[in-house]
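Step one of this worksheet: look at the structure below.
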Ligand code: ARG
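Residue numbers (the numbering used here): 1 to 467.
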């Protein structure tokens with residue numbers, strides 16, 4: 001018979017684990033990150049075991065003292081992890097038991113299947129709160145920038161062609177709106193993570209009179225799971241979280257792409273501060289927007305993680321299967337990637353400077369107001385389709401004569417259509433164009449200011465709530 005210390009899995013086993021098996025199956029090298037939540041789960045479980053008289057008050061004290069000590073040692077980086085003990089759960093329990101014999105009672109009525117699901121749900125709830133804070137931070141950076149350069153007008157683009165003039169602030173607030181949906185999706189995901197699996201055992205609950213509601217309250221979950229088989233094999237909350245993060249990463253990649261384009265010599269709308277750009281090892285003149293490029297690129301790995309998780313679950317038979325251990329690295333990677341990207345982008349936006357001249361030059365292209373001229377005709381009773389056609393003809397004529405549309409002679413305008421007169425040219429004012437857009441959601445100066453105020457309030461309240 002192997003000694004108990006060699007045979008991890010008890011009396012059933014006559015040989016210690018093969019080294020290759022140990023290395024292949026261990027997860028402690030990454031799931032150690034769950035230690036705080038694992039220990040919180042264990043302390044709650046122990047308190048419940050004392051409540052139903054499985055642990056004596058003295059045993060409970062030992063267990064709590066031991067777990068808290070271990071937690072502090074891990075905090076300080078002093079705890080010795082061992083791959084022979086497979087995962088974070090076994091490492092902590094084995095070390096506790098080595099120090100206090102009462103540790104051998106901790107796993108009563110519990111399996112690692114409900115234990116790991118509990119630790120991950122606790123971990124994710126905290127993670128989501130951190131991500132939400134970082135999203136709000138990026139929203140604030142966008143709002144601050146929008147306020148700083150409130151008067152700046154740029155061309156809005158469709159098909160990457162200049163379309164109509166907009167306030168830069170309106171463009172930036174579009175991202176604030178996107179990020180708000182990401183914030184909401186994460187809040188929604190947190191609701192479904194907020195369920196306690198502990199008490200489900202390995203698959204079929206327990207014959208012991210465990211008090212699940214008590215544990216639920218101690219750990220701050222909203223409710224207990226209703227089906228033990230579902231509870232130990234459900235990883236939907238991880239998929240949902242990753243899906244929400246994938247969309248968030250996609251939104252970030254779009255913002256990053258705008259910043260990259262705007263910082264090119266061709267656009268020249270912004271300059272990113274030196275401390276937030278990199279140089280080229282060969283070309284001395286280069287100043288590269290690497291942060292934005294990596295932020296754009298990292299969406300790939302978050303999307304990849306989502307695919308990996310979905311594939312992991314596809315066709316998996318009930319209930320817990322070891323495959324599920326593969327969820328962790330994808331989850332941690334997504335959480336880290338998204339969090340770091342949000343933080344660095346927010347910081348970088350504080351160091352972006354707008355080139356007012358370039359923005360003015362680009363947005364004073366009179367063709368950006370061709371639609372406004374069509375609207376001018378509509379107000380004079382011309383059906384829109386005809387108005388569209390007539391203005392199009394004027395654009396073509398200007399192109400043919402190689403002059404700006406504002407320099408077509410009145411005779412030529414009249415030739416295109418008698419409805420045109422000198423006052424039509426008054427349409428070609430960016431200021432007028434913006435103030436004429438008075439309907440909700442438009443880039444009108446007054447409306448955008450209102451939006452900025454609305455966001456300032458929302459973000460300030462959010463900040464206060466977290467303090
Ligand atoms: N390390 C395992 C995981 O992450 C913990 C659960 C192990 N359960 C088991 N029945 N082998 O999934």
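Quick reminder that beta carbons are idealized off the backbone N, C-alpha and C, glycines included. A quick note: this is a predicted structure, and the numbers were derived from the prediction, not measured.
{"Query": "Can you give me the start and stop residues for the alpha helix (DSSP H) that residue 12 sits inside?", "Result": "Here residue 12 belongs to no alpha helix (DSSP H), and DSSP marks it neither H nor E."}
{"Query": "For residue 325, is the beta carbon positioned less than 7 Å from some heavy atom of the ligand ARG?", "Result": "yes"}
{"Query": "Could you check which residue in 233, 46, 206, 148 has the C-alpha nearest to that of residue 113?", "Result": "233"}
{"Query": "Closest to residue 42 by CA distance: which of 122, 16, 17, 83 is it?", "Result": "122"}
{"Query": "Which residues does DSSP pair with residue 353 in a beta bridge?", "Result": "271"}
{"Query": "Between which two residues does the beta strand (DSSP E) harbouring residue 43 extend?", "Result": "It is not in any beta strand (DSSP E) - residue 43 instead sits in the alpha helix (DSSP H) that spans 35-51."}
{"Query": "For the beta strand (DSSP E) containing residue 471, name the first residue and the last one.", "Result": "An answer regarding residue 471 cannot be provided, because it is not within the stretch 1 to 467 covered by the chain."}
{"Query": "Let me confirm a value: residue 357 is counted as buried when at least 16 other C-beta atoms fall within 10 Å, else exposed. Which label applies?", "Result": "exposed"}
{"Query": "Kindly identify the DSSP beta-bridge partner or partners of residue 224.", "Result": "196"}
{"Query": "Looking only at its chain, what residues have a beta carbon closer than 6 Å to the beta carbon of residue 272, apart from the 5 residues adjacent to it on each side?", "Result": "263, 289, 352"}
{"Query": "Does the Cβ of residue 439 have 16 or more other Cβ atoms within 10 Å, making it buried, or fewer, making it exposed?", "Result": "exposed"}
{"Query": "In the DSSP assignment, the beta strand (DSSP E) including residue 439 goes from what residue to what residue?", "Result": "Counting along the chain, residue 439 falls outside any beta strand (DSSP E), and DSSP gives it neither H nor E."}
{"Query": "With a 10 Å radius around its C-beta and 16 neighbouring C-beta atoms as the bar for buried, classify residue 125 as buried or exposed.", "Result": "buried"}
{"Query": "Return the first residue and the last residue of the alpha helix (DSSP H) that residue 19 is part of.", "Result": "19-25"}
{"Query": "Does the separation of the CB atoms of residue 372 and residue 433 fall below 8 Å?", "Result": "yes"}
{"Query": "For chain C, check one thing: does any of its Cβ atoms lie closer than 8 Å to the Cβ of residue 77?", "Result": "Any reference to chain C falls outside this structure, which holds one protein chain only."}
{"Query": "From residue 14 to residue 281, what does the alpha carbon distance come to, in whole angstroms?", "Result": "60 Å"}
{"Query": "Just checking, does the region 246-253 make contact with the region 170-184 on the three C-beta pairs under 8 Å criterion?", "Result": "yes"}
{"Query": "Give a yes or no on contact between the region 195-206 and the region 146-158, applying the rule of three or more CB pairs nearer than 8 Å.", "Result": "no"}
{"Query": "How close, in whole Å, do the beta carbons of residue 327 and residue 270 come, if the pair is a contact with beta carbons under 8 Å?", "Result": "With a Cβ gap of about 40 Å, residue 327 and residue 270 do not count as contacting."}
{"Query": "At 4 residues or longer, what runs of the alpha helix (DSSP H) sit wholly inside the region 286-349?", "Result": "290-297, 299-313, 327-349"}
{"Query": "Would DSSP call residue 403 helix, strand or coil?", "Result": "coil"}
{"Query": "Just how far apart, CA to CA, sit residue 47 and residue 106?", "Result": "10 Å"}
{"Query": "Closest to residue 375 by CA distance: which of 137, 355, 428, 141 is it?", "Result": "428"}
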